[in-house]
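A short worksheet on the structure shown next.
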Amino acid sequence: MMWGDIILQHPEQLANLPKDIIMLSWGYHAGASFDSAIVPFKESGFEFWVCPGVSCWSQILPNHVVAMVNIRNYLRDGARLGASGVLNTTWDDDGENLFEYNWHNLAWGAECSWRPLQSDPEVFERSFGPCFYGCEGAGEATEAMSPAFGMAAFEGLNDGAFWVDPFAGSIASPERVEAGDTRLLTCTQDAIRALEAGKPIRNQLGHAAYRFAVQRVQAMALGRSERLQAGRAYLLAANGKPAEAARPLAEVRRALTASRARLTALREDYRQRWLAENEPYWLDNMLRKWDGLIGRYDA
173 MMWGDIILQH
183 PEQLANLPKD
193 IIMLSWGYHA
203 GASFDSAIVP
213 FKESGFEFWV
223 CPGVSCWSQI
233 LPNHVVAMVN
243 IRNYLRDGAR
253 LGASGVLNTT
263 WDDDGENLFE
273 YNWHNLAWGA
283 ECSWRPLQSD
293 PEVFERSFGP
303 CFYGCEGAGE
313 ATEAMSPAFG
323 MAAFEGLNDG
333 AFWVDPFAGS
343 IASPERVEAG
353 DTRLLTCTQD
363 AIRALEAGKP
373 IRNQLGHAAY
383 RFAVQRVQAM
393 ALGRSERLQA
403 GRAYLLAANG
413 KPAEAARPLA
423 EVRRALTASR
433 ARLTALREDY
443 RQRWLAENEP
453 YWLDNMLRKW
463 DGLIGRYDA
């Protein structure tokens with residue numbers, strides 16, 4: 173097997189490769205067509221597989237908005253052009269991804285593999301929770317998170333957004349930040365409510381892992397809200413209004429204490445989930461990120 177992207181940059185070299193190579197045609201964007209990544213292999217006489225992806229890499233939770241389109245269209249085009257197989261890919265690019273929260277997009281890949289020309293995303297969303305977890309709510313939770321991937325302020329829910337120091341820098345437009353935080357919190361609240369609609373009777377690790385990922389997103393939005401709240405309270409104090417500042421400062425302290433406790437619980441949750449599916453190697457590097465973020469609340 174051979175990943176096909178580099179050879180497509182030099183198509184004149186296809187004739188020099190052994191014909192027993194299985195070409196792996198891949199691409200991870202939400203494209204309307206993937207013919208350009210497939211046709212050169214078909215025309216050159218190679219057996220080929222199509223390789224979409226679950227869009228989990230460097231993500232707090234997998235971007236199903238991209239993955240649903242990518243997987244469906246790639247498999248549709250592969251089936252039409254004669255692909256002999258599918259490799260639906262996950263990658264752990266920055267080392268902190270968990271596998272268990274990928275099942276929604278992996279199951280969609282299976283659905284599209286079995287029925288590449290008839291797969292229906294609406295039917296899939298209704299069926300995913302009952303079929304995979306034995307309870308309602310999982311598909312609805314995924315849909316509830318859809319708007320979050322388009323929020324530029326949160327970098328499409330990229331891992332890096334979670335580790336940004338919530339107390340660093342300045343906020344030029346607090347009203348816009350506050351509105352974004354509110355929208356993101358609404359997404360997470362709706363998703364958690366959907367996940368709580370039923371108790372999974374199978375594949376519980378995946379169900380819990382997705383909830384953990386949603387809670388990470390929620391913690392990120394709360395951290396930014398607390399930064400605004402703290403800033404306003406300290407401005408009152410700095411402007412010589414200690415009496416007016418006393419109550420908001422006390423509220424800030426309670427909020428930051430609660431956030432520190434929330435992050436500490438998520439850190440332990442992450443540690444246990446990591447060990448449930450990985451060897452301990454590299455875990456310490458991940459926990460140092462958590463400790464650094466928690467330390468900012470202490471400071």
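Take the sequence shown: its letters are residues 173 to 471, numbered as in the working numbering.
For every residue, glycine included, the Cβ atom is placed at its ideal position computed from N, Cα and C.
Residue 227 counts as buried, since no fewer than 16 other beta carbons sit within 10 angstroms of its beta carbon. About 5 Å separates the beta carbon of residue 353 from that of residue 397, a gap short enough to meet the 8 Å contact definition. Between residue 310 and residue 296 a beta carbon distance of about 11 Å is seen, past the 8 Å cut, so the two are scored as non-contacting.
When C-beta atoms of the stretch 252 to 266 are compared with those of the stretch 425 to 444, fewer than three pairs fall below 8 Å, so the two segments do not count as touching. Annotation: residue 399 to residue 339 spans about 6 Å, alpha carbon to alpha carbon. Bridge pairing for residue 257: 221 [DSSP]. In the DSSP assignment, residue 196 falls within the unbroken beta strand (DSSP E) covering 194 to 198.
Selection 351, 337 and 182 evaluated against residue 323 yields 351 as nearest (Cα-Cα). Between the alpha carbons of residue 383 and residue 217 lies a distance of about 45 Å. Taking each of 270, 420 and 389 in turn and checking the Cα distance to residue 443, the smallest one comes out for 270.
No Cβ-Cβ contact shorter than 8 Å links residue 282 with residue 241. Listed in chain order, the non-local C-beta contacts of residue 436 below 8 Å within the same chain comprise 466, local neighbours out to five positions each way being set aside.
Rounded to the nearest angstrom, the gap between the Cα atoms of residue 179 and residue 424 is 57 Å. Check the Cα spacing between residue 198 and each of 175, 213 and 186: the tightest is with 175.
Considering only 416, 408, 319 and 358, the residue with the shortest C-alpha distance to residue 390 is 358. In this structure the stretch 447 to 466 lies against the stretch 261 to 276, because at least three pairs of beta carbons, one per stretch, are closer than 8 Å. DSSP places residue 420 in the uninterrupted alpha helix (DSSP H) bounded by 414 to 449. When 246, 233 and 330 are compared, the shortest CA-CA separation from residue 274 is found for 233. Looking at 313, 220, 257 and 308, the one whose alpha-carbon comes closest to that of residue 286 is 257. Rounded to the nearest angstrom, the gap between the Cα atoms of residue 205 and residue 368 is 37 Å. Contact annotation: residue 434 and residue 337 have beta-carbon atoms that are not nearer than 8 Å.
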